[in-house]
Amino acid sequence: MTSASISTSSAFGERLRFWRNARSVSQLQLAMAANVSSRHVSFLETGRSKPSRQMVMQIAEVLDVPLRERNALLDAAGFAPAYRASNLDSEHLATVRHSLEFLLERHDPYPAVVVDRHWNLLLQNRASQQLLRRFVLSAESLVAPLNVMHVLFREDGMRPFVVNWNELTAAMVSRLQREANSDPADAQCQQLLSMALEACGGAGRTPQMEFAADSPAMLEMRLRRDDVELGLFSTITTLGTPLDVTLQELRLETFFPTDDASEQVIKSLVE
C-alpha cells in the first residue's frame, strides 16, 4: 500500500468513525447491518483496509448519512461523488423549481416558503411576503438573503410580535437540536442552534415546552401587532427519494390559520 493510499484510508476511517459514533452504533452493530465482519469495520476505521465504492455506499446507507456527507465519504475513500449538488436555478432542477413555484402560488392567500437545510429562504409566495412586512420590526432584517430562523429570533425581526414566544421558541430550539444531532458534521446547523439558544438567554438555558391537559392539538405561532392578531400552524414537506443533494435538503413549509378570525386577517393582508 502506497503512502497516498494509506492517507486516503485514514481519512475515510476517521469519517467512518465519526458517523458511527454520531449514530451511537458499535462496530459489531455496523458490521452486522452491513453484512461484513467487525474485524473489517475495525480495519476500515484504522486505515488498514481500503473500502470499495460499494462498501462506502453500503455503510453510508446503514448509518443514514446525508447525501452531502456521502459524497464526502466517497471523496475521503478516493472515489468520485455519487450525487449532484445542483443550484435550484439550474436547468437540471427546472422541473422541480416549477413544481415548487406552482405549489407556492396555489397556497395563496396562506403563507408558504421553501427553505434549505440552514433555513435560508429560497422561495416564498405573496402571502409570505405580506406577512413578513406586517410582522417584522425593521425592514433591514428583510434584506436578502433571508434566514427564517434569524428573522424569527432577532429583536428587529418577528420576535417583538410573537405572543407565545416561550412555547414557540422551545419548539424551534428542539427542532434545531434534532437537525444538529442528525448531521453533526454541519457547522452551520450548530451555529443556528447556538444563535437560537443565545436569543433564549444563553446556551445553558434551553427553553422547555410546558403541556397541560387542555393544551391544543398543535402548536401555533401567535402574532400580534397593534390591533392585528392571528394564529398560524404549519406543515413541512420534503421531496421523496431525492438523488440530488439540494433536493434532499429542500423543505416546503406551508402555513394555515388556526381559526376563522386568523383566516380573515391573513386574507386581508394579501388583498
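Residue numbers for the sequence shown follow my numbering, beginning at 12 and rising by one.
C-beta atoms are modelled at their ideal positions from N, C-alpha and C, and glycine is treated no differently.
The residue among T57, P120, V73 with its C-alpha nearest the C-alpha of T265 is P120. By the Cβ-count criterion, N177 is exposed, with fewer than 16 other Cβ atoms from all chains shown falling within 10 Å of its own Cβ. Within the same chain, L133, E260, L261 come within 7 Å of D127 by CB-CB distance, once the 5 residues on both sides are set aside. In the three-state DSSP reduction, D100 falls in the coil class, being neither helix nor strand. Pairing L280 with Q141 gives a Cβ-Cβ distance under 8 Å. Burial of R26 is indicated by the presence of at least 16 other C-beta atoms within 10 angstroms of its C-beta. Taking a C-beta distance under 8 Å as the contact criterion, L99 and P92 do not qualify as a contact pair. Contact between F146 and F172 holds: their C-beta atoms lie close to 5 Å from each other, under 8 Å. Residue P62 holds the alpha-carbon nearest to the alpha-carbon of G24 among P62, K278, R34, L41. Considered as a whole, the segment 124-149 harbours 132-135 as its complete beta strand (DSSP E) runs of no fewer than 3 residues, in chain order. In this structure, the beta-carbon distance from L114 to L263 falls below 8 Å. If one requires a minimum length of 4 residues, the alpha helix (DSSP H) runs lying completely within the segment 155-218 are 159-164, 176-193, 198-210, in chain order.
Our two residues, E80 and L250, have alpha carbons roughly 18 Å apart in a direct line. Put simply, the segment 62-77 does not touch the segment 229-239. Fewer than three CB pairs are less than 8 Å apart. For M43, the enclosing alpha helix (DSSP H) begins and ends at 38-45. Only residues of its own chain outside the window of five on either side were considered, and among them F164, V184, L187 have a CB closer than 6 Å to the CB of A207, listed in chain order. DSSP places L85 in the uninterrupted alpha helix (DSSP H) bounded by 78-87.
Beta-bridge annotation (DSSP): T246 is paired with T265.
Taking the CA atoms as reference points, A33 sits about 24 Å from E209.
In the three-state scheme derived from DSSP, where H, G and I count as helix and E and B as strand, M232 is classed as strand.
In the three-state reduction of the DSSP assignment, D119 falls in the coil class. Where D271 is concerned, the enclosing alpha helix (DSSP H) starts and stops at 271-281. In this structure, G242 lies away from D271, with their beta-carbon atoms at least 8 Å apart. Within the model, the alpha-carbon separation for A44 versus S149 is close to 52 Å. By the neighbour-count definition (other C-beta atoms within 10 Å, threshold 16), L143 is a buried residue. Following the DSSP letters along the chain, one finds L258 inside the alpha helix (DSSP H) bounded by residues 256-260.
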